[in-house]
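Residue numbers (UniProt numbering), protein chains in the order written: chain A, 1 to 333; chain B, 1 to 333. The block underneath contains the structure these notes are about, expressed in structure tokens.
Protein chains: 2
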Amino acid sequence: MAQRPTLEEVARRAGVSRATVSRVVNGSTTVAGPIQEAVRRAVAELGYAPNLAARSLVTHRTDSIALVMPEAATRVFSDDQVFPGIIHGVSQELEAADKQLVLMLAGSPAGHARVRRYTTGRHVDGVLFASLHGADPLPGTLAALGIPTVCSGRPLGEQSVPYVDVDHAGGVARAVAHLIDSGRRRIATIAGPQDMVAGIERLTGYRDALAAAGLPTLVAYGDFTRDSGAAAMRELLDRRPDLDAVFAASDLMAHAALRTLRDSGRQVPQDVAVVGFDDISSAAYTEPPLTTVRQPIRQIGRVMTRLLLRLAAGEQIDQATILPTTLIPRAST
Amino acid sequence: MAQRPTLEEVARRAGVSRATVSRVVNGSTTVAGPIQEAVRRAVAELGYAPNLAARSLVTHRTDSIALVMPEAATRVFSDDQVFPGIIHGVSQELEAADKQLVLMLAGSPAGHARVRRYTTGRHVDGVLFASLHGADPLPGTLAALGIPTVCSGRPLGEQSVPYVDVDHAGGVARAVAHLIDSGRRRIATIAGPQDMVAGIERLTGYRDALAAAGLPTLVAYGDFTRDSGAAAMRELLDRRPDLDAVFAASDLMAHAALRTLRDSGRQVPQDVAVVGFDDISSAAYTEPPLTTVRQPIRQIGRVMTRLLLRLAAGEQIDQATILPTTLIPRAST
DNA sequence: TTGTAAGCGTTATCAT
DNA sequence: ATGATAACGCTTACAA
């Protein structure tokens, strides 16, 4: 296996200087036709491909963007579709900008350290965070280093990093209003993890909405997964067998609640109404189909990416961008 | 925002040479204690992080591995879980090796070109392909360039690139045998796309199994998605209203078939038995729970990764690695 | 329009 | 054990 050819060798073969080859490779227009032709031929014959490390060492650009998911792979690729949706949106937008997506999972401390090394090592032109746990200082650190950074979800703690989030409170308020309108009065919630802003804000939304209506609250906690939803639902039924509605902070938990309710002999929606949050694609396929609060997940990814690219281009961007949520009524209420 | 500090500046601050700082940063043991200490302090004070491009320019390593999915993001992040499962497995194994995962979606021609540029540009130490369409020449090209490459699924065409695949034929044979054993005789299939090896082999498996049993075949085509499965199921019912079993080449298509059958007034499994392929996590949650052929998806990712790392380390590896499939009987048969 | 040459920030090979 | 110094492969003033 021959050594990979360099600019030098292409130049020699084409009978020109390295600089000229570089110009042709990078599409400069100031090179004479026949020379361009000769260079291209040499490139093709040698199978030349530029060494990206060498290039970015001088240009200070890498044309790639990191999307960091501070989660174990198990969480990211549950059938939750939230992370995939964000990835999808990001990748669409990056595709349009002809930039490369570098996906980094950072569930473990080692992963977190690796991400830090990679991003601070100038290996990417910017960093996107999809979800944050607790008050992770990394986004703030990167931003302080001058590395363009955008988060999904308001970062907890002191950091002032631009972010994109959805209107959690508004969505929950509409869901609860919908339940109240249909006569429900004993409305429980299966809350999400309280170290994540989505979990926190949805629970706050529930509390505020019930308080405004003068109704009592009933809370059990899950971590957005199906298993945790089933456990929480069982707990709620134990504590309050006569509850007549449940708002789950994720569709996955709502789905498990549906099944748990049925297993307990209750009818949905006759005995208990169920509302989820997310509107993942299988929500329309549950039994019965799930009423839920839709959040425009893919849109989050797209908006984050556009903001990041503008930031990287030196533009000023808003500190917060909030996207709307919508109630999607189906048969579970 | 000050310019990022370089080795040089750290060296000056610590009162040593660049070489010494490099040694400390890279964990060399041949540096005296007090000097190490001084260097570390300078690194911390300056917030120094090595420039990865400069490093890989000389080391010829990047400590990152590309996972290429020649698919549109829509396909990759459907709720299919196959790609996510592979990503998951790969990322687990890469985590153990402390290497960075670079995920590349290459659904469009532009994406494909970007991937080619990136991988041939020595931006990664090796390349994993998760699924291939048609006889994509890229894996062969990379392998010929001496870039460690491993595919998931046997590459079509002339290429001799090492790959990992599952025993499609064996799994399908067991599924069909299971149907025949339970008295089914008019067994249709919803086949996958015929430009992908998984689609091809599962259909071949079905044909072989039915031929061996002396039963007639009935085939409709989908592309592994739910929508295509619903359409294919309707077509099958039109053509053969009295069919008594369906083998779908993916769980998503099987799920849609379940629903389509019910909508047509048929009972599953009384009137029609349904078997899927994949065993995605929601297969246990369909109505009724889906009998399916489990393929060890995450394992595919792990095995591919281990092979790639060995290849990158200069070891010899097998051309083909085939993982077993298992029939998971549930209520749909 | 083309070529020359000076870096870019590391690591690695030598001496010392 | 530490320090010069030469690469690594590319882009980009600047000169011609």
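Every residue, glycine too, gets a C-beta built ideally from N, C-alpha and C.
Just how far apart, CA to CA, sit residue i and residue j?
i: A/L142; j: A/A248; result: 34 Å
i: B/R310; j: B/P162; result: 12 Å
i: A/A198; j: A/V272; result: 25 Å
i: B/R207; j: B/S91; result: 36 Å
i: B/T189; j: A/F77; result: 29 Å
i: A/A110; j: B/V43; result: 20 Å
i: B/S332; j: B/P269; result: 5 Å
i: B/V246; j: A/P289; result: 25 Å
i: A/E93; j: A/R185; result: 44 Å
i: A/D318; j: A/V127; result: 16 Å
i: B/I35; j: A/A53; result: 31 Å
i: B/Y285; j: A/T286; result: 9 Å
i: B/T225; j: A/A313; result: 39 Å
i: A/T6; j: B/S108; result: 29 Å
i: A/L308; j: B/R266; result: 52 Å
i: A/A220; j: A/A130; result: 25 Å
i: B/G33; j: B/V24; result: 10 Å
i: B/D125; j: A/T29; result: 33 Å
i: B/R294; j: B/G301; result: 15 Å
Got a sec: is the Cβ-Cβ distance from residue i to anything in chain B below 8 Å?
i: A/S264; result: no
i: A/E9; result: no
i: A/S281; result: yes
i: A/M1; result: The predicted model places A/M1 with a pLDDT of 40, which falls under 50 and marks its position as unreliable; any figure quoted below should be read in that light. Yes, A/M1 lies at the interface with chain B (some Cβ there is under 8 Å from its Cβ).
i: A/R185; result: no
i: A/H123; result: yes
i: residue 334 of chain A; result: Since the first residue shown for chain A is 1 and the last is 333, residue 334 of chain A is missing from the structure and cannot be characterised.
i: A/Q319; result: no
Who are the neighbours of residue i on chain B, taking C-beta pairs under 8 Å?
i: A/M104; result: Q100, L101
i: A/T120; result: A49
i: A/T74; result: H88
i: A/G85; result: F77
i: A/G111; result: E95
For residue i, which option in the options has the closest C-alpha, if you only look at C-alpha atoms?
i: B/S264; options: B/R240, B/P289, B/R234; result: B/R234
i: A/H123; options: A/F129, A/V115, A/D279; result: A/V115
i: A/I147; options: A/T62, A/I328, A/Q267, A/D251; result: A/T62
i: B/L57; options: B/Q270, B/G121, B/G27; result: B/G121
i: A/H133; options: A/A213, A/T325, A/Q194; result: A/Q194
i: A/E86; options: A/V164, A/A144, A/L179, A/V16; result: Before going on, a small fix: residue 86 of chain A reads as Ile here, not Glu. A/I86 has its Cα closest to that of A/V164, out of A/V164, A/A144, A/L179, A/V16.
i: B/S182; options: B/P329, B/A32, B/S152; result: B/P329
i: B/V82; options: B/G205, B/T291, B/A14, B/S282; result: B/S282
i: A/Q159; options: A/A135, A/V275, A/P70; result: A/A135
i: A/V166; options: A/Q299, A/G214, A/A96; result: A/Q299
i: B/A191; options: B/E71, B/A19, B/R12, B/D251; result: B/D251
i: B/M196; options: B/V176, B/A14, B/E71; result: B/E71
Starting from residue i, follow the beta strand (DSSP E) in both directions and report where the run begins and ends.
i: A/L105; result: 100–105
i: B/F83; result: Segment 82–96 is the alpha helix (DSSP H) holding B/F83; no beta strand (DSSP E) there.
i: B/I300; result: From DSSP, B/I300 is part of no beta strand (DSSP E) but of the alpha helix (DSSP H) over 297–312.
i: A/A118; result: The sequence as given places Tyr at residue 118 of chain A; Ala does not occur at that position. Run containing A/Y118: none in the beta strand (DSSP E); it sits in the alpha helix (DSSP H), 109–120.
i: B/T321; result: 320–323
i: A/T291; result: 291–294
i: A/V246; result: 245–248
i: B/V127; result: 126–130
If you follow the alpha helix (DSSP H) that residue i is part of, which residue opens it and which one closes it?
i: A/R239; result: 226–239
i: A/R12; result: 7–14
i: A/L210; result: 197–213
i: B/A257; result: 251–263
i: B/D181; result: 168–181
i: A/T20; result: 18–25
i: B/G33; result: 33–46
Find the residues of chain A that neighbour residue i, judging by a C-beta separation of less than 7 Å, and give them in chain order.
i: B/E287; result: E287
i: residue 337 of chain B; result: Since the displayed chain B opens at 1 and closes at 333, residue 337 of chain B lies outside it and no answer follows.
Answer with yes or no whether the minimum CB distance from residue i to chain A is below 8 Å.
i: B/N26; result: no
i: B/I300; result: no
i: B/Q81; result: yes
Taking residue i as the query, report the chain B residues whose CB atoms sit under 7 Å from its CB, ordered along the chain.
i: A/E315; result: Result: empty, since nearest Cβ-Cβ is about 16 Å, beyond 7 Å.
Which chain B residues are close to residue i, counting only those with a beta carbon under 9 Å from its beta carbon?
i: A/A312; result: In chain order: nothing, as chain B lies at least about 14 Å away.
Residue i versus chain A: which residues are under 8 Å apart at the beta carbon?
i: B/L57; result: N51, A53, A54, L57
i: B/Q92; result: A73
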